[in-house]
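Single-structure report; data block below.
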Amino acid sequence: MHVRTRPSRPPRSLPVPSGSGRCATTRTLCRPALPGDTYAGWVTIDHLTGEPAYLQLARILREMITSGEIPARQRVPSIKTLTQQYGVAKGTAEKALGVLRAEGLVVTVPGRGIYVVDR
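Taken in order, the sequence shown gives residues 0 to 118; the numbers are from my numbering.
So, in structure tokens, the structure goes:
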């Protein structure tokens, strides 16, 4: 009689080894933000701080708008792009854009996207 055994796996509580290319908190592929990094494609949301990720993303986008990196009447990156660039969930990106909408920095044009308001 042959008994099947499952291959042993390490318990989930073990930390992800450093240098593995995976974030310790989200276990997604990423690399930590380094000094001098810009907001151009790598994860810059710090999941270990007490500040919620959606507020961090809203702050990043607000800085990009006020500095002119995203000029008035220009389209804000899509939710899909934000989730890929910053390593956040779709709901987190939507909530961050909702904060900016409530502040009057962006406006949603149905079927077109989200745009920076003309000041």
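For glycine and all other residues, C-beta sits at the position ideal for the given N, C-alpha and C.
For Ile78, I'd like the list of residues in its chain whose CB is within less than 8 angstroms of its CB, leaving aside the five on either flank, ordered along the chain. Along the sequence shown, one-based indexing puts residue 78 at 79. Around Ile78: Lys89, Ala92, Glu93 and Leu96.
Can you name, in chain order, every residue of its own chain whose Cβ lies under 7 angstroms from the Cβ of Arg72, other than the five neighbours on each side? As a working note, residue 72 is residue 73 in the sequence shown. Once the five neighbours on either side are set aside, the close Cβ partners of Arg72 are Tyr114, Val115 and Asp117.
What is the residue span of the alpha helix (DSSP H) that Ile78 lies within? Here residue 78 refers to the residue found at position 79 of the sequence shown. Per DSSP, Ile78 belongs to the alpha helix (DSSP H) from Ile78 to Tyr85.
Can you tell me the Cα-Cα spacing of Arg111 and Ile69, whole angstroms? As a working mapping, residue 111 is identified with position 112 in the sequence shown. As a working mapping, residue 69 is identified with position 70 in the sequence shown. Using only the alpha carbons, I get a separation of about 17 angstroms.
Buried or exposed for Thr80, going by 16 or more other Cβ atoms inside 10 Å? Position 81 of the sequence shown holds residue 80. The residue in question, Thr80, is exposed, as its Cβ has fewer than 16 Cβ neighbours within 10 Å.
Status (buried if at least 16 other CB within 10 Å, exposed otherwise) for Thr48: The count along the sequence shown starts at 1 and reaches residue 48 at position 49. The residue is exposed, with fewer than 16 neighbouring Cβ atoms inside 10 Å.
Are Leu56 and Val87 touching if we call contact CB-CB under 8 angstroms? The residue labelled residue 56 in the question sits at position 57 within the sequence shown. The residue labelled residue 87 in the question sits at position 88 within the sequence shown. In this structure, Leu56 sits near Val87, with a CB-CB distance shorter than 8 angstroms.
Per DSSP, the bridge partner or partners of Thr107: For this step, residue 107 is matched to residue 108 along the sequence shown. DSSP, once it has assigned bridges, lists Ile113 as partnering Thr107.
Gly97 lies in the alpha helix (DSSP H); which residues open and close that run? Taking the first residue of the sequence shown as 1, we reach residue 97 at position 98. That run of the alpha helix (DSSP H) goes Lys89 to Ala101.
Between the CA atoms of Val75 and Thr82 - distance to the nearest angstrom: On the sequence shown, position 83 is the one that residue 82 refers to. On the sequence shown, position 76 is the one that residue 75 refers to. Approximately 13 angstroms between the Cα atoms of the pair.
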